[in-house]
Amino acid sequence: DLFPAAAPDEYWMVTDRGPNGQVKLKGPNRRTFPVPQFDPLILRVRAQAGAPLTILQVIPVTTTDGSPVSGLPNDAARDEPPYDWTGNTKLPLNPSGLDTEGLVRTPNGEFWLAEEYSPSLLHVSATGTVLGRLVPEGLTLPGAGYPITDSLPAVFADRQGNRGFESLALGPDGTTLYTAVQSPLAIPDAKTGKTSRAVRVLAVTTATGRPTAEYIYPLEDVASFDPGAQGDQSQMKVSAMAWSGDQLVVDERTDAVTKLYLVRLSGATNILGGELDN
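Right, here's the structure in full:
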């Protein structure tokens, strides 16, 4: 993800969890991490037409004691098990590991990141230290190297595999975060989630880390959005969000087609705490 920096043509960016892929041996595909020591990075870059991207600042994301968080999965029961590049040797899990995706920078110079594993939101200092990680209610990550708070609605723990929070936007008030799961939740089961068009959007205040609103965002029907997807609704994803005036800009995509939508939340139904929020 990227977020405008103060100077013209400069942006803050965050890497993903590092190089990873899948190999097929016996049974299901195995998720491989060729560089398991990779640590997610926050970057400040300059982008100018006709010139290479210039990296101006590099901020590693670290635990409270300054150790790398890594990009490795956290929980054997919820995440894909990690393997080395051959797919033959299983790698250790890391409860501090992050699959970073979305990024915003607040007026005081701190960062918030969205990540896919839990899914979770991370409050990060200006120097890269994770100050806290917000996860769905009831989820624990014993051994994590930073504070864990289960303040998000429990229903978000039912994200599809590798389809957690991928987008993050900072509201016009500068204190409200908006994020969305990449795909519909696996409710009541994974099969239903893959055919659903209902994506959850969550609003969280930066002051307390508590959610203030939850909305249902209807994805487009893949048949008309991308005929090449051959009717596979699971290919539809929300990959980015940003604010423009009083409207939220939402990026819907498949691997072949991307479209931007303008969304007004005023008047939308807030389902936080209701019967759909479980």
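Everything in the sequence shown is counted per my numbering, starting at 5 for the first residue and increasing by one. Even glycine gets a Cβ: it sits at the ideal position worked out from N, Cα and C.
Are the beta-carbon atoms of residue i and residue j separated by less than 8 Å?
i      : j      : result
Arg204 : Glu218 : yes
Asp5   : Glu105 : yes
Ala260 : Asp236 : no
Leu126 : Trp116 : yes
Thr216 : Ala207 : yes
Arg139 : Asp154 : What sits at residue 139 in the sequence shown is Val, not Arg. Yes, the pair counts as a contact, with Cβ atoms nearer than the cut-off.
Ala184 : Val242 : yes
Ser200 : Pro188 : yes
Asp13  : Gln52  : yes
Thr179 : Ala211 : yes
Ala246 : Ala148 : no
Val49  : Pro23  : no
Val164 : Ala118 : One point to set straight first is that residue 164 is Gln, not Val, in the sequence displayed. In this structure, Ala118 does not lie closer than 8 Å to Gln164 by Cβ.
Gly136 : Ile46  : no
Gly91  : Leu29  : yes
Lys198 : Ser228 : no
Tyr15  : Thr68  : no
Bridge partners for residue i per DSSP, in chain order?
i      : result
Ala118 : Gly106, Leu125
Ala246 : Val253
Val208 : Leu181, Pro215
Arg50  : Glu14, Thr58
Gly25  : Thr36
Ser171 : Ala184
Thr144 : DSSP lists no partner for Thr144.
Lys94  : Tyr87
Thr66  : Pro72, Thr133
Leu45  : Pro64
Phe7   : Trp16
Val203 : Tyr221
Lys30  : For Lys30, which the question treats as bridged, DSSP gives no partner whatsoever.
Output the boundary residues of the alpha helix (DSSP H) element that contains residue i.
i      : result
Gly197 : 194-199
Ala227 : 226-229
So residue i packs on residue j, CB below 8 Å; how close in whole Å?
i      : j      : result
Gln26  : Thr36  : 7 Å
Asp43  : Val62  : With a Cβ gap of about 11 Å, Asp43 and Val62 do not count as contacting.
Pro157 : Leu276 : 7 Å
Gln251 : Leu266 : 5 Å
Asn98  : Ser74  : 5 Å
Thr258 : Ala233 : 5 Å
Gly168 : Pro123 : 3 Å
Asn166 : Glu120 : 6 Å
Met240 : Val226 : 5 Å
Taking the beta strand (DSSP E) that residue i falls in, what are its first and last residues?
i      : result
Arg34  : 34-36
Val134 : 134-140
Lys263 : 262-267
Asp154 : 152-156
For residue i, count the other beta carbons within 10 Å of its own beta carbon; 16 or more makes it buried, fewer makes it exposed. Which is it?
i      : result
Leu76  : buried
Ala11  : exposed
Glu279 : exposed
Leu57  : exposed
Asp83  : buried
Pro146 : exposed
Pro159 : Reading the sequence as shown, one finds Val at residue 159 and not Pro. Flag for Val159 reads buried.
Glu141 : exposed
Val134 : buried
Arg268 : exposed
Thr93  : exposed
Leu181 : buried
Ser100 : buried
Gln41  : exposed
Ser270 : exposed
Ser171 : buried
Ile152 : buried
Ala244 : buried
Arg214 : exposed
Beta-carbon of residue i versus every beta-carbon of chain C: anything under 8 Å?
i      : result
Val108 : In the structure shown, chain C cannot be found, because there is only a single protein chain.
Return yes when the C-beta of residue i is under 7 Å from any heavy atom of the ligand HEM, and no when it is not.
i     : result
Pro99 : Among the components modelled here there is no ligand, and therefore nothing to report on the ligand HEM.
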